[in-house]
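This report concerns only the one structure given below.
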Amino acid sequence: MAIFPRKPRRPGGRNAVPETSAPPAARPPAVGEALRERLREIAADAAAPEDALEPALRAILEASRAQAGALCLFDQRQGLLRLVAEVGLSEEGCRRLRNARRTDPTAWDMPLNGLLNRRAYLIESVARNRYVPRLVEHAAAVRTIACIPLHAGPTPVGSLVLIALAPRSFAERDVRTLERPLGELAAMIEAVRRRGGVEPVGAPRAPVAAPVPKPAAEVTALVADREQLRGEVAARSAERAVLAAELAARSGDTDRLRAALELAAADRTRLAADFEQAKRDAERAETLAAALAGAERERARLAAALETAAAERAARARAEAALEAARASAERATASAIADLEGVRRAAAANEATAAARAAERAAEVERLRTRAEEAEEAVAGARAQLREREQGHAALASELRAAAAREQRLREELETAGGRERLQGEEAVHEARERARRAEDALAAATAEVEMLGGALGSARAITGALEDEAARANAEIERLVAAGRAASAEQDRLEIALGEGRARELAATARLGELTREAERLREEAGRTTSAGRERDADMATLAARLESLAAERDRLRESLSATEAERDRLAADAAAASGADAHLREALAREREERAQLTSALGSAQAALGELEASLARRATEVKAQAAELERLRAEGDRLKAPPAAAPPPAPLPPASEPVRVVTVTAPAAARPRVREMETGRRPILVVDVADSWRERALDEHHVEVMPPADDLAEQLAELSPARIVVNLLAPGALGAVAAARAAGYGARFWGCLADPGADRALMLGMIEAVGSPIDPDEVVATLARYAVRGTRVVTAGAEVDALMSLRQALARGGLSVSMAWDAKQAGDLLQVVRPEVVVVDLALPRRDGYGIVARLAALDPPPSVILVPGPDDAAAAFAAALADPVHAGGALRLGQLLAAVLTRSEAPPVERRHKIRVVGRK
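For the sequence shown, the numbering used here gives the first residue as 7, with consecutive numbering after it.
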């Protein structure tokens with residue numbers, strides 16, 4: 007199983023050896039071989055193939071040093087992965103992997119994508135990957151997740167998920183190590199599926215009961231089985247043809263590889279000759295390299311001489327340039343100095359005139375400001391004197407005002423006193439007093455007006471005083487500014503005089519420098535004339551040396567190119583030789599691998615032919631059985647015609663079982679004190695409701711409860727809610743009974759349903775425990791949710807069915823919840839488990855071949871107490887199949903009368919079992 011592309015061999019590997027010199031090297035490492043042997047031992051030691059999956063997963067985790075992992079099986083019919091075994095996963099991880107399909111957003115479909123694409127996925131940096139769920143409790147410690155597909159040939163069978171926690175991480179090498187050992191795991195999965203789908207040899211066949219014969223249904227089932235076997239034979243034939251075609255293709259590939267190997271040998275011989283030629287070219291290249299080294303030394307000597315001559319020429323050129331630059335600079339400096347001197351002179355004259363004018367203006371301004379300041383001081387003094395006079399007058403008026411107010415107060419007091427003492431003295435005294443008071447008030451008003459006028463005059467005087475003070479301050483500031491400006495003008499005049507002296511000194515220095523530069527230029531012109539002739543001769547020598555140097559450089563470049571080409575040819579020949587060696591070894595290894603695969607295909611073809619022979623023999627046996635069943639059908643029809651011959655005779659009632667057959671008599675009494683279950687009857691007249699189509703149940707009324715009969719219907723939940731019965735009994739022989747139970751649960755009705763297989767006309771029934779109906783095909787999540795009503799940790803559960811993937815996933819989910827789970831794949835295994843385990847809950851898939859599921863349900867009546875049962879409907883008519891199971895004489899000993907069944911139902915408890923702890927075990931054939 008090629009999971010990753012093979013790595014190419016690096017050049018320079020092992021040399022090719024003849025095909026018969028040594029066998030091909032073993033590809034898998036020692037760890038892979040040890041794991042492969044360990045998985046074989048686990049498969050051989052397991053009591054049943056399904057028991058080997060979890061130990062195999064633990065062995066893989068131990069060998070790969072992974073801390074957690076999961077094994078999922080692929081359901082091809084529904085296109086989903088189902089979790090069947092896990093180690094170290096969290097609840098969320100189990101939930102995301104239990105039913106993984108591409109259209110489910112709540113599942114993690116990465117293992118499914120890898121399985122369908124036939125690729126292994128290595129997921130790194132898991133903590134930062136938002137598409138990876140929390141598969142383990144410590145999700146932050148997860149370093150790498152490997153999703154490895156499992157294939158049995160071209161058929162996908164499952165996916166293995168390995169989780170590495172820090173510091174462990176997976177690489178491609180680790181996955182390749184597991185490549186071959188995982189083939190053993192795929193073989194285990196195929197063994198489990200064969201166990202769930204192959205009919206057990208020697209299983210007892212249920213005879214057809216005479217009272218209610220159903221031979222037509224049995225013949226139809228046998229014909230359907232025959233058609234199924236024919237389909238399997240056709241599929242095996244097609245598979246054999248595919249294997250033969252693949253074997254022929256592999257043979258062609260082997261021939262092609264052999265031809266390629268011969269071609270590679272011829273190429274190797276040619277490459278060896280080319281390699282010898284390359285060696286000779288390399289020796290010639292060494293001689294050329296020595297000549298090139300001598301040329302390089304000569305070129306270096308000539309280059310040194312050329313550099314010396316160039317340096318001398320550059321020095322002369324720099325000297326001439328320096329002389330020209332010095333002369334130009336001196337001329338520019340002289341002209342600039344003369345211009346600066348003239349400018350300084352003009353500026354000094356202008357500054358002197360300006361300074362004199364400014365000094366005269368500022369002197370006049372100072373005199374004017376002094377005059378204004380004196381006038382302002384005199385005005386301020388006068389205003390202050392006037393202000394003092396007004397303040398004195400104001401003080402006098404204030405004193406007069408106070409005196410007038412005192413007089414007024416006194417006159418008022420006298421007026422009031424006079425009015426109090428001498429009210430009767432006459433109107434004249436009163437008039438005189440009032441006149442004095444009026445005059446006093448007029449004087450007071452005049453004094454008040456005078457005071458207000460003086461206050462206004464005082465404010466005006468104060469404002470004028472403030473304005474004069476501000477004007478004096480501004481005049482002082484202006485005087486100070488003019489004095490400072492005069493000082494600055496004097497300083498500027500001094501500076502200009504100093505600058506004029508400096509300019510005259512620079513003019514003299516520039517004139518002297520100009521004379522010196524002129525003399526130096528004349529001297530340099532004379533020296534340049536003397537060296538011109540020698541420079542021309544030196545230039546001719548340099549030109550000759552440059553031409554020779556260029557020819558040597560061209561020769562050097564040509565030799566280098568020749569040497570590079572020789573080395574490249576040598577490297578190419580060496581690489582071709584190494585590649586030929588690697589290709590030779592690779593082809594030999596591929597040829598050996600093809601031989602091994604051809605042997606495996608031959609063995610597989612032989613196995614397919616043997617399986618085809620077995621299927622043909624089985625088909626012949628089934629055809630014989632069909633003929634025997636047809637003969638039995640004809641005999642039964644003849645017997646029926648004979649019994650119906652007398653027309654006048656009324657049909658006798660159904661006979662009771664003969665005395666020679668074992669009959670179980672059940673006496674209904676109060677439960678013993680030692681039993682863990684107690685009667686939980688409701689008080690009052692609540693009815694017992696029977697879901698059936700026969701009204702004969704009404705005749706079996708008990709002392710405390712009457713019996714109501716209700717046919718199966720979609721609105722069963724509403725009718726049950728109106729009646730509120732004490733117990734609900736469902737006869738599974740009634741048409742549509744299972745569908746009515748499922749509809750009531752879907753409508754939210756939560757009461758318990760008790761099941762039975764009853765024939766009211768014959769007054770006989772098989773009592774079952776509480777029943778539930780779930781959807782088909784099996785959905786592990788739905789079954790787990792339904793089991794929550796009947797099971798706790800430690801509850802014993804038995805599953806019976808042929809859906810390997812779904813039941814294995816259900817087993818994993820229940821075992822994680824602490825339930826004890828046992829699995830059966832056919833009726834015989836189920837019978838053994840029911841006697842050994844004594845389960846409290848049984849999950850039965852009614853789609854088992856040969857209607858074994860209905861017989862398993864009938865066997866539950868023999869257990870005391872009968873366990874609760876969860877039924878998964880099948881494609882058959884459930885009512886007819888349950889009727890056939892009830893008619894089987896094997897179950898006659900456990901039959902009860904209808905009244906006994908109702909009384910027994912009332913004694914049963916509807917409480918869930920007490921929590922216990924049990925081990926998971928499977929009893930069955932290997």
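Every residue gets a Cβ at the ideal spot worked out from N, C-alpha and C, and that includes glycine.
Bounds of the alpha helix (DSSP H) holding Arg-817 are 810-822. At the C-beta level, Leu-774 and Leu-739 stay beyond 8 Å of one another.
A check of alpha carbon separations from Arg-104 across Ala-315, Asp-765 and Cys-78 identifies Cys-78 as the nearest. In this structure, the straight-line span from the alpha carbon of Arg-799 to that of Arg-232 is close to 44 Å. In this structure, DSSP gives Phe-281 a helical state, which the three-state scheme calls helix. Annotated three-state conformation of Leu-530 is helix, per DSSP. A Cβ-Cβ separation of about 6 Å places Tyr-755 in contact with Leu-726 under the 8 Å criterion. DSSP, reduced to helix, strand and coil, places Asn-737 within a strand of the structure shown.
Membership of Ala-779 in the beta strand (DSSP E) is indicated by the continuous run 770-779. Between the alpha carbons of Ala-272 and Ala-278 lies a gap of roughly 10 Å.
Under the criterion of beta carbons closer than 8 Å, Arg-140 and Ser-175 do not qualify as touching, at roughly 19 Å. By the Cβ neighbour-count rule, Gln-398 is exposed, with fewer than 16 other Cβ atoms within 10 Å of its own.
Per DSSP, reduced to three states, the secondary structure at Ile-694 is strand. Ile-784 sits in coil when the DSSP states are folded into three classes, being neither helix nor strand. In the three-state scheme derived from DSSP, where H, G and I count as helix and E and B as strand, Glu-56 is classed as helix.
According to the DSSP assignment, Arg-182 belongs to the alpha helix (DSSP H) that extends over 178-183.
Counted as a single uninterrupted DSSP element, the stretch harbouring Asp-851 is not any alpha helix (DSSP H) but the beta strand (DSSP E) occupying residues 847-851. Three or more beta-carbon pairs separated by less than 8 Å are not found between the region 757-771 and the region 840-859, which leaves the two stretches without contact. In the three-state reduction of the DSSP assignment, Val-798 falls in the coil class. The C-alpha of Val-842 lies about 12 Å from the C-alpha of Met-829.
Here Tyr-860 carries a helix assignment [DSSP, helix/strand/coil]. With respect to the 8 Å criterion, Leu-908 and Val-735 are classified as neighbours on the basis of their beta carbons. A direct Cα-Cα distance of roughly 49 Å separates Val-198 from Ala-584. Counting along the chain, Arg-88 sits inside the beta strand (DSSP E) bounded by residues 86-93. The closest CA to that of His-897, considering only Arg-844, Gly-837 and Pro-845, is found on Gly-837. Excluding the 5 residues flanking it on each side, Ile-777 has same chain C-beta neighbours closer than 8 Å at Val-736, Leu-738, Val-747, Phe-759, Trp-760, Gly-761, Ser-874, Val-875, Ile-876 and Leu-877, in chain order.
The region 489-504 makes contact with the region 353-360; the number of CB pairs closer than 8 Å reaches 3 or more. Gly-164: member of the beta strand (DSSP E) spanning 161-171, first to last residue.
For the 8 Å CB-CB criterion, Leu-816 and Pro-786 form a contact. Counting along the chain, the unbroken alpha helix (DSSP H) around Val-911 starts and ends at 904-913. Between Pro-61 and Arg-822, the alpha-carbon positions lie close to 15 Å from each other.
For Glu-714, the enclosing beta strand (DSSP E) begins and ends at 713-716. The way I'd put it, the region 91-106 doesn't touch the region 183-191; fewer than three beta-carbon pairs between them come closer than 8 Å. Following the DSSP letters along the chain, one finds Phe-80 inside the beta strand (DSSP E) bounded by residues 74-81. Taking all protein chains in view, the Cβ of Met-459 is surrounded by fewer than 16 other Cβ atoms within 10 Å, so the residue is classified as exposed. In the same chain as Ala-172, and ignoring 5 residues on each side of it, the C-beta atoms closer than 6 Å to its own belong to Ala-147 and Arg-149, in chain order.
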